[in-house]
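Trainee: First to last, the sequence lines map onto chains A and B.
Going by this note's numbering, 421 is the number at position 167 of the first sequence; the sequence numbering is gapless.
Going by this note's numbering, 297 is the number at position 295 of the second sequence; the sequence numbering is gapless.
Just so it is clear, CB atoms sit at the ideal spot from N, CA and C, and this is done for glycine as well.
No experiment lies behind these values; they were computed from the predicted model shown.
Here you go, one structure.
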Amino acid sequence: MNQALFTYLVRLGDNCLILSQRLAEWCGHGPALEEDIALTNVALDLLGHARLWLSYAAEVEGSGRDEDQLAYLRDAGEFQNVLLVEQPNGDFGVTMARQFYFDLWYSLLLRELRTSRDERIAAIAEKAAKEVDYHLQRSTDWVIRLGDGTPESHERMQRALDDLWMYTGELFQMDAPDTELRDRGTGPNLEHLREPWLQHVTKTLSEATLSVPGETWMQRGGKQGVHTENLGYILAEMQFLQRAYPGAQW
Amino acid sequence: MTPEEREFQQKIDAGIKVEPKDWMPEAYRKTLIRQISQHAHSEIVGQLPEGNWITRAPTLKRKAILLAKVQDEAGHGLYLYGAAETLGIRRDQMIEDLLAGKAKYSSVFNYPTLTWADMGAIGWLVDGAAIINQIPLCRCSYGPYARGMIRICKEENFHQRQGFDIMFTLTRGTPEQKAMAQDALNRWWWPAVMMHGPSDAESKHSAQSLQWKIKLFSNDELRQKFIDQIAPQAEYLGLTIPDPELKWNPERGHYDFGAIDWDEFHNVIRGNGPCNRDRLRTRKEAHEAGAWVREGAAAYARKRAIREAA
Ligand SMILES: [Fe+2]
Ligand SMILES: [Fe+2]
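So, in C-alpha cells, the structure goes:
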C-alpha cells in the first residue's frame, strides 16, 4: 500500500467529514430559514467530498475497508483532520469564522489538486472546487455583513475570528506524507498556500471593518491524530449505531 | 350569497384558479392563510424530529439522504410561506404566531424519535400520509398553493421511498433491527393515521373548504386511502400494524380498522404531546439566538444602500 497517499486522502476525507458533521448540528436551528437551508447545503457538499476521498483512501489501502468502515470504525487517534474543523459551532459568528478560514484554505488547495498527477485526485478536486468556491463566497459574505453590521455583530465576529486564529497554522504545515506527495507531483506545497490565504483574509477583514488577529502560538496535532477534547464526543455520537450493533447492515 | 361571491363560486366550480390579485371572500383568504401557514409550520417544526438523527445516521449514504430530506422540508416551508404571503400576510408575522403558540402545526411532530428505525417509520408513514393529503391539493383552487404543491409532492415521493427503504433494510437485518422496525411502527402508526385530521362528523372546516376546493376529499376518505396503501406494504415488510381490528373487507374493497383514540389526538393538539414544549422551545431559542445575525445583516444592507446612493 502507498502509505503516504492513504494518509493524504484520509486527511482530506476527515476534514470534510468532521466539518460536515458539525454543520449538520445546525439543522433546524439556523438564524433564518434561508440560512438553515444554506448550512445544510454546505454540510451535504462536504459530506459528498468526504465520501469521495475516503472511498479512494479505502481503495488505496486495499484491505477491504470501505468509506463507512473508515468513518465509523476508527478511533480518535486515527482521525487526521485539522483541529479547526472539530471546534464547536458556538454562535453563528463562530461557525462562519470557522467556515471562512476553512473554505478559503480548501478552495486554494483544490485549485492546486486539480492539476495533480494522480488523475483520481484531480477529478475529485475539479468537481469539489466549484462547490467550495460557492461556499467561500458565502462565508466571505457573512464575515463582511456581520463585521460591518451592528456593534454587536461586529464584536461577535471579531471575537470568533480571534478565537479560531490559533487553529489556522496547522493548515499550512508540511509533514512527511505532504512532502512525499509534493515530490511526486500529487499535491502542492501547503506552505505556498499561506500567502494567498492571508491576502484574501486581510482583504475581506478590512472590507468588514475587522482586524486580522495578531501573532499567536499556533496549535497543531490534528493531522497526526492528536486532537482537542471535542473529537471524542463527535465520534461517540457519529459512530454510536455502528458500535452498538457491530456488523449490522443499515 | 352576494353577486361577487356567486361569481367566485362559479369560477371555482368551472375549475379556474384563483390568483393573488383576484377578488376573493375574506373567509376564503383567512382559511387559506390558516391552512397554508399551518402547513408551512409543519414543514419547519418537522425538521426537528429527523434532524435529531442526522449526526447519528449509521452510514454516510444514509446521512446524506437524511440531510437532503430534512433540507427539502425546510425548502417546502420556504415555498409555503411564500404562497401564504401572496394572501397578504408576512412571514415574520406567521413565525411570530408559531412561536407564541398561536398557530398550529401537524401534531405528529410532537412525538419523539427514539431510534434509527423512526427515520424509516417517519418517511414511510408520515411522509406517506402527507403525500395522500397533498396530492389532491395540487388541484386546489388557489393557484400559488396548487403550484407549490406540485413541486413539493415530487420531493415527498422520494421521502417516502427512502423511509420505506430504511424499514426494508431493517426488516431484512438482525433480530434487533427487526425489533427496532416493529417498535417504530408501533409508535408511529396511530399518530400517522391521525394526520388526516378529525373524522368528518367532527371536522369544523370541512364542508366550506370542500366547496371552495381547498380541500378535495374528506378526512375519512384520505385516511382510508392511506390505510389501504400501507397495510399491504406492512405485510410485505413482515411487520404487524398495531391494530387488532385491521382487516381486509372484500365487500367494501377497503381495509377495516379500529377506533382512533381522539382523546389523545386532542390532547396533543392542546399541547400535551410528549414533545410539544421541546419543539416550540427549540424553535424559539433558534429564533432568539439568531436575532443578532438578522439585525447585523439588516444593518449592513442599510449601510450599503446608503453608500450606493451616495
Ligand atoms: Fe415536506
Ligand atoms: Fe417530506
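#1: Using a Cβ-Cβ cut-off of less than 7 Å, list which residues of the stretch 56 to 89 of chain B approach chain A; keep chain order.
#2: Give a single yes or no on whether isoleucine 154 of chain B has its beta carbon closer than 7 Å to a heavy atom of ligand 1.
#3: Just to make sure I have the definition right: I need the residues of chain A whose C-beta is within less than 8 Å of the C-beta of threonine 171 of chain B. Which are they?
#4: Name, going along the chain, the residues of the stretch 37 to 57 of chain B whose beta-carbon falls closer than 8 Å to a beta-carbon of chain A.
#5: Helix, strand or coil: which one does DSSP assign to histidine 78 of chain B?
#6: Classify methionine 255 of chain A as buried or exposed, calling it buried when 16 or more other Cβ atoms lie within 10 Å of its own Cβ.
#7: Do leucine 485 of chain A and glutamate 380 of chain A have their beta-carbon atoms positioned less than 8 Å apart in this structure?
#8: Quick one: which unbroken beta strand (DSSP E) runs of 3-plus residues sit fully inside the stretch 348 to 420 of chain A? Chain order, please.
#9: Report the option in A:Leu435, A:Glu313, A:Gly423 and A:Gly475 whose CA atom is closest to the CA atom of glutamate 469 of chain A.
#10: To the nearest angstrom, report how far apart lysine 104 of chain B and glutamate 373 of chain A are at their CA atoms.
#11: Could you check whether the Cβ of aspartate 120 of chain B sits closer than 7 Å to any heavy atom belonging to ligand 2?
#12: Can you pull out the residues from the stretch 288 to 302 of chain B whose beta carbon lies closer than 9 Å to at least one beta carbon of chain A?
#13: Tell me, please, which residues DSSP counts as bridged to tyrosine 147 of chain B.
#14: At a CB-CB cut-off below 8 Å, which residues of chain B make contact with asparagine 295 of chain A?
#15: Within a Cβ cutoff of 8 Å, which residues of the same chain sit near proline 1 of chain B, ignoring the five residues on either side of it in sequence?
#16: Determine the burial state of glycine 298 of chain B: buried for a count of at least 16 other Cβ atoms within 10 Å of its Cβ, exposed for fewer.
#17: Can we count histidine 43 of chain B as close to ligand 1, meaning its CB is less than 7 Å from some heavy atom?
#18: With a threshold of 8 Å between beta carbons, is lysine 313 of chain B in contact with chain A?
#19: Under 7 Å Cβ-Cβ, which residues of chain D neighbour tyrosine 388 of chain A?
#20: Evaluate tyrosine 107 of chain B with the Cβ neighbour count: other Cβ atoms within 10 Å of its Cβ, from every protein chain shown; 16 or more gives buried, anything less gives exposed.
#21: May I ask you to list the residues that DSSP assigns as paired with aspartate 258 of chain B?
#22: State the DSSP-derived secondary structure class of valine 295 of chain B, mapped to helix, strand or coil.
#23: Under 9 Å, CB to CB, which of the residues in the stretch 366 to 396 of chain A have a partner in chain B?
#24: Pull every residue with its beta-carbon under 5 Å away from any heavy atom of ligand 2, and keep them in chain order.
#25: Looking at leucine 324 of chain A and alanine 76 of chain B, is the spacing between their C-beta atoms short of 8 Å?
#26: Go ahead and label glutamate 287 of chain B buried or exposed: buried means 16 or more other beta carbons lie within 10 angstroms of its beta carbon, across all protein chains shown.
#27: Please name the residue or residues paired with valine 20 of chain B in a DSSP beta bridge.
#28: For alanine 383 of chain A, verify whether its CB is less than 7 Å away from any heavy atom of ligand 1.
#29: Output, in sequence order along the chain, the residues in the stretch 173 to 185 of chain B whose CB is closer than 7 Å to any CB in chain A.
#30: Do we get a CB-CB distance below 8 Å when we pair lysine 156 of chain B with the residues of chain A?
#31: Along the chain, where does the alpha helix (DSSP H) containing valine 339 of chain A start, and where does it finish?
#32: By DSSP, does tyrosine 505 of chain A sit in helix, in strand, or in coil?
#33: Determine the closest residue to glutamate 461 of chain A out of B:Arg306, B:Gln73, B:Leu101 and B:Gly53, with distance taken between C-alpha atoms.
#34: For the alpha helix (DSSP H) that contains cysteine 270 of chain A, what are its first and last residues?
#35: Is glutamate 52 of chain B near ligand 1, judged by its Cβ being under 7 Å from some heavy atom?
#36: Which residues bound the alpha helix (DSSP H) around aspartate 263 of chain B?
Mentor: Straight from the coordinates:
#1: Ile56, Thr57, Arg58, Pro60, Thr61, Leu62, Arg64, Lys65, Ala66, Leu69, Ala70, Val72, Gln73, Ala76, Gly77, Gly79 and Leu80
#2: yes
#3: Gln503 and Trp504
#4: Ile46, Gln49, Leu50, Gly53, Ile56 and Thr57
#5: helix
#6: exposed
#7: no
#8: none
#9: A:Gly423
#10: 58 Å
#11: no
#12: Ala288, His289, Ala291, Gly292, Ala293, Trp294, Val295, Arg296, Glu297, Gly298, Ala299, Ala300, Ala301 and Tyr302
#13: None; tyrosine 147 of chain B has no bridge partner.
#14: Gln73
#15: As displayed, chain B neither begins before 3 nor continues past 312, which places residue 1 of chain B out of reach and without an answer.
#16: buried
#17: no
#18: Since the first and last residues shown for chain B are 3 and 312, residue 313 of chain B lies out of range.
#19: Included in the structure are the protein chains A and B, with no chain D among them.
#20: buried
#21: B:Lys249
#22: helix
#23: Trp396
#24: B:Asp129, B:Glu158 and B:His161
#25: no
#26: exposed
#27: B:Tyr144
#28: no
#29: Gly175, Thr176, Glu178 and Gln179
#30: no
#31: 337 to 340
#32: For chain A, the structure presents residues 255 to 504; residue 505 of chain A sits outside this window and is missing.
#33: B:Arg306
#34: 257 to 278
#35: no
#36: It is not in any alpha helix (DSSP H) - aspartate 263 of chain B carries neither H nor E in the DSSP assignment.
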